[in-house]
Amino acid sequence: MLTVASDVEVLTRFGRALADPIRCQLLLALQDAPAYPSDLADKIGVSRTRLSNHLACLRDCGLVVTVPDGRRTRYELADPRLGRALDDLRTVVVAVETDRTCVDADEKGCC
Numbered sequence: 813m814l815t816v817a818s819d820v821e822v823l824t825r826f827g828r829a830l831a832d833p834i835r836c837q838l839l840l841a842l843q844d845a846p847a848y849p850s851d852l853a854d855k856i857g858v859s860r861t862r863l864s865n866h867l868a869c870l871r872d873c874g875l876v877v878t879v880p881d882g883r884r885t886r887y888e889l890a891d892p893r894l895g896r897a898l899d900d901l902r903t904v905v906v907a908v909e910t911d912r913t914c915v916d917a918d919e920k921g922c923c
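No gaps in the numbering here: position 109 of the sequence shown is 921 in my numbering, and each next residue is one more.
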């Protein structure tokens, strides 16, 4: 049964997806066009096993969907608005002082 996620759940899922560079590369690649896993693995330069784990995460987060295509399965963004959201996020100016990190960066692993 499908349900509509709350605003906090949506942002948490999106954040989880963006927390890994490989998943970011996958989302950007799928923003360009739907693709097959083997093509994505070659484009990003990771093993198919590793790619499969990341695609499963993106599916679980609700950001990508699979589309049967004959004997193959194609991946695409779950909603075209995700592509626009990725563009917006990439173009946001984030002001960061280069000589500073978050106070608790070592403990929380941020910055």
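We treat Cβ as the ideally placed atom computed from N, Cα and C, and that holds for glycine.
query = Who are residue 849's beta bridge partners in DSSP?
reply = Its beta-bridge partners do not exist; DSSP assigns none.
query = What residue does the alpha helix (DSSP H) around residue 838 start on, and which one ends it?
reply = 833-844
message = Once DSSP output is grouped into helix, strand and coil, what is the label at residue 896?
response = helix
Straight-line gap, residue 863 to residue 890 (C-alpha atoms, nearest Å) = Near 18 Å, if we compare the C-alpha coordinates of residue 890 and residue 863.
ask   = residue 825 lies in the beta strand (DSSP E); which residues open and close that run?
value = Premise fails: residue 825 lies in the alpha helix (DSSP H), 819-830, not in any beta strand (DSSP E).
N-terminal and C-terminal residue of the alpha helix (DSSP H) that residue 872 is part of = 860-872
message = Going by the DSSP bridge assignment, what does residue 881 pair with across the sheet?
response = 884
ask   = If you draw a straight line from the C-alpha of residue 869 to the C-alpha of residue 885, how long is it?
value = Residue 869 and residue 885: Cα-Cα distance of roughly 16 Å.
Strand pairing of residue 876, partner residues [DSSP] = DSSP output for residue 876 lists 889 as bridge partner(s).
key: Inter-residue spacing [alpha-carbon to alpha-carbon] between residue 860 and residue 838   = Rounded to whole angstroms, the gap between the alpha carbons of residue 860 and residue 838 is 13 Å.
Distance between residue 842 and residue 833 (C-alpha atoms, nearest Å) = 14 Å
request  = Using beta-carbon positions only, say whether residue 867 and residue 846 come within less than 9 Å of one another.
outcome  = For residue 867 and residue 846, no; Cβs fall outside 9 Å.
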